[in-house]
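Here the sequence shown is numbered in my numbering, starting from 216 and rising by one per residue.
C-beta: ideal position from N, C-alpha, C; glycine also.
A short write-up of the structure that comes next.
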Amino acid sequence: MTVSHPLLSLKNIKVTFGGVRALKGVSFEVKPGEVHCLAGENGCGKSTLIKVITGVYKPEAGAELLFDGKPIAAMTPTLAQSLGIQVIWQDLALFGEMSVAENIGFQLAVKGKYGLIDKRALEAAAEKALARLGVSLDVHQALKELPIAQRQIVAIARALVGEARLVFMDEPTASLTQSETDYLIEIVRNLSASGVAVVFVSHRLAEVLEISDRITVLRDGGLVGVYPVEGMTQSRVTELMTGRNFDSAVIASDHDDAPVVLSVRNLTRNDEFSNVSFDLRRGETLGITGLLGAGRTELALTLFGMRQPHSGEILLEGEKVSFGSNRDAIRAGVAYLSEDRLSLGLNQPQSIADNLVMASLNRILSGGLISSTRKSHVVSHWISELGVKIGTPDDPIRTLSGGNQQRVAIAKWLAIGPKILILDAPTVGVDVGARAGIFDIVRKLATEGLAIILISDEPPEVYFNADRVIHMVEGRFQAVYDPRQTSLTELESTVYA
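In structure tokens, the structure reads:
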């Protein structure tokens, strides 16, 4: 599509909150049909910029905003929507109890006879939007019954119903597996081909380089630069985002002489995984990777007592155990960091302190009541130990960045004094700098003797941060890899075959 001007153009965008400059004269532009990546660490100003574009925040005097070549004196949410600017936030902002059609078309409020909602027209609009994406869903089905990948598609279809010309996708793949991500990327390509511009915000740099035409990098509220994707590498993007260079190196080492902490023998849960066997030794980090449906999370939940195996054995330090619930597992010293931090890992409205101690309340009791002194000691210790950046411990956990929330979630489990820590996709929704910090913590914990199971659908994460890597396929352990004796390319080609 040949045009003489960008679809969206911003210049000299400045925003200040409480004396802190969130955006420092940023410029940004998007071309029609372009897939443009907005990159930067948490807190760099990405969300602030999007909210300026959508009229939620007002920039300071001297800002310039043009849409389709026409100046916009004062952007408002209503005006942004009428221009075809849509945002799909990470939490999707959908309604679980409503149907797919109602979620896609609720903004239309199609009214029929007597002023009532015309359900047929609503469903037709939803089906048309889904067809444009090349997707077939039951528009009558309740949204809560759909997996996260299909909910993401519903959110995109809702944007198309609003005649979208520019769609911002905030961490659209944060909760998706690799195969689901591949499918979403294909949908983004289809949108681009139809002339819809897409701004992609993601911490997964591999997919950023795969899907984007250009990358705008922000750091500390300022514009670092705008770069073509051609010739760009993940390490270079990381360096631009953080101002630092992160060297990836294999850290695998032998633990054959260390005592076995966990033994799993022929563990089976029908239709989820079968005949799983492995040993986990003190100080070892065991990586498990695989595609959607491999059974990784199901295995983790079984080891944590949330699901019951149909056959096989679990031995903890040589003693056979049978966990009737996660409480039994916690008492035995098994901790599990959920892949869904927002819904299952933390209680967002509660304070940082309350979230940190929620799994270890028995350790801070005095006379049957919570001791504020003991609580304060535990909280201050782990905040310091894991380097969590906070205002005060009484602030709501939702005020923290994704990386700092994840550190609190890890601290919550370390406070119980575990023997085994299961980390299920610990870097979901976490930026590249914070990821490095989390894996530094993982390595330190392993050095101190903690036995760790690291689960990820991103092979580089387990390759560079585990001592052994197990490839899981359709509920079975397919192969075991030593990162010192195989290449990342070999591992990735096997996983994605």
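The C-alpha of LEU571 lies about 16 Å from the C-alpha of LEU636. When rounded, the separation of the alpha-carbon atoms in ALA661 and VAL350 is 44 Å. Secondary structure at ALA346: helix, using DSSP grouped into helix, strand and coil. Runs of the beta strand (DSSP E) lying entirely within the region 522-556, each at least 3 residues long, are 526-531, 534-536, 549-552 in chain order.
CA-CA distance, VAL479 to PRO387, rounds to 35 Å.
Annotation: TYR711 is outside any beta strand (DSSP E) and is labelled neither H nor E by DSSP.
In the structure shown, GLY437 falls within a strand segment according to DSSP collapsed to helix, strand and coil. Fewer than three beta-carbon pairs drawn from the region 520-531 and the region 690-698 are found closer than 8 Å, and the two stretches are therefore not classed as touching.
Residues PHE679 of the same chain have their beta carbon placed closer than 8 Å to that of ALA464, with the five preceding and five following residues left out of the count. Assignment of PHE654 by DSSP, reduced to helix, strand and coil, places it in the helix class. The alpha-carbon separation between ALA289 and ARG236 amounts to approximately 21 Å.
Among the bridge pairs identified by DSSP, VAL413 is matched with VAL250, VAL382.
About 5 Å separates the beta carbons of ASP639 and ALA515, which is inside the 8 Å limit, making them a contact pair. Here ILE598 carries a helix assignment [DSSP, helix/strand/coil]. Following the DSSP letters along the chain, one finds SER566 in no alpha helix (DSSP H), marked with neither H nor E.
Within its own chain, the residues whose Cβ lies closer than 7 Å to the Cβ of ALA344, once the five positions on either side in sequence are excluded, are ILE319, ALA372, LEU375, VAL376, listed in chain order. Beta-bridge pairing by DSSP links ALA666 to ILE635. In the three-state scheme derived from DSSP, where H, G and I count as helix and E and B as strand, HIS686 is classed as strand.
ALA509 sits in coil when the DSSP states are folded into three classes, being neither helix nor strand. Across the set GLU425, SER489, GLY648, the C-alpha of GLY648 shows the shortest separation from the C-alpha of LEU455.
Contiguous alpha helix (DSSP H) elements confined to the region 271-318 occur at 292-298, taking only those with 4 or more residues. Beta-bridge annotation (DSSP): PRO443 is paired with ARG429. In this chain, the beta strand (DSSP E) harbouring ILE228 covers 223-232. For LEU352, same chain residues with a beta-carbon under 8 Å away, outside a window of 5 residues either side, are VAL315, LEU345, LEU361, GLN365, ILE368, VAL369 in chain order. Per DSSP, the unbroken alpha helix (DSSP H) holding ARG366 starts and ends at 363-376.
Its chain contains VAL245, ALA412, VAL413, VAL414, PHE415, SER427, ASP428, ARG429, ILE430, THR431 as the residues whose beta carbon lies nearer than 8 Å to that of HIS251, once the 5 sequence neighbours on both sides are disregarded; these appear in chain order. Pairing LEU424 with ASP472, the inter-Cα distance amounts to about 42 Å.
Within the same chain, and ignoring the five residues on either side of ARG589 in sequence, the residues whose Cβ sits closer than 7 Å to its Cβ are ILE579, SER581. As DSSP reads the structure, THR483 sits in a beta bridge with SER526. By the C-beta density criterion, PRO608 is buried, having at least 16 other C-beta atoms within 10 angstroms. Residue range 617-629 is occupied by the alpha helix (DSSP H) that includes GLN621. Residue pairing by DSSP places PRO611 opposite SER566 in a beta bridge. For THR457, the uninterrupted alpha helix (DSSP H) run begins and ends at 449-457, by DSSP.
Assigned with DSSP and collapsed to three states, ASN490 falls in strand. The beta-carbon distance between VAL241 and LEU420, rounded to whole angstroms, is 21 Å. This is too long to meet the 8 Å contact definition.
In the assembly as shown, ALA276 is an exposed residue. Its beta-carbon has fewer than 16 other beta-carbons within 10 Å.
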